[in-house]
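Notes to accompany the following structure.
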Amino acid sequence: MRGIKKQDLPSKPCVTCGRPFTWRKSLAKTWDEVKYCSDACRRYKQSGGKPPSTKRNLA
Numbered sequence: 052m053r054g055i056k057k058q059d060l061p062s063k064p065c066v067t068c069g070r071p072f073t074w075r076k077s078l079a080k081t082w083d084e085v086k087y088c089s090d091a092c093r094r095y096k097q098s099g100g101k102p103p104s105t106k107r108n109l110a
């Protein structure tokens with residue numbers, strides 16, 4: 052078996068919503084600087100607008 056299992060990847064909480072997010076290859080070079088789980092959380096923190104929803108639509 053090769054590679055790393057998803058459950059073994061590092062994770063950290065989003066500073067805006069507190070939701071945990073895991074390491075992704077696209078974030079590999081900047082993982083230490085990453086603070087937000089999504090663009091919505093990043094925009095909210097910068098603009099101070101409506102907070103992103105922490106509930107997902109299941110419909």
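Using my numbering, you'd call the opening residue of the sequence shown number 52 and step up by one each time.
Glycine is no exception: its CB is placed at the ideal position from the N, C-alpha and C atoms.
In this structure, the beta-carbon distance from THR73 to CYS92 does not fall below 9 Å. Nearest neighbour of ARG75 by Cα position, chosen from GLY54, LEU60, ARG94, TYR95, turns out to be LEU60.
In terms of Cα proximity to CYS65, the closest of ARG94, LYS96, TYR87 is TYR87.
Judged by DSSP in its simplified three-state form, SER62 adopts strand. Of the residues VAL85, ARG53, LYS80, GLY54, the one whose Cα lies closest to the Cα of SER62 is VAL85.
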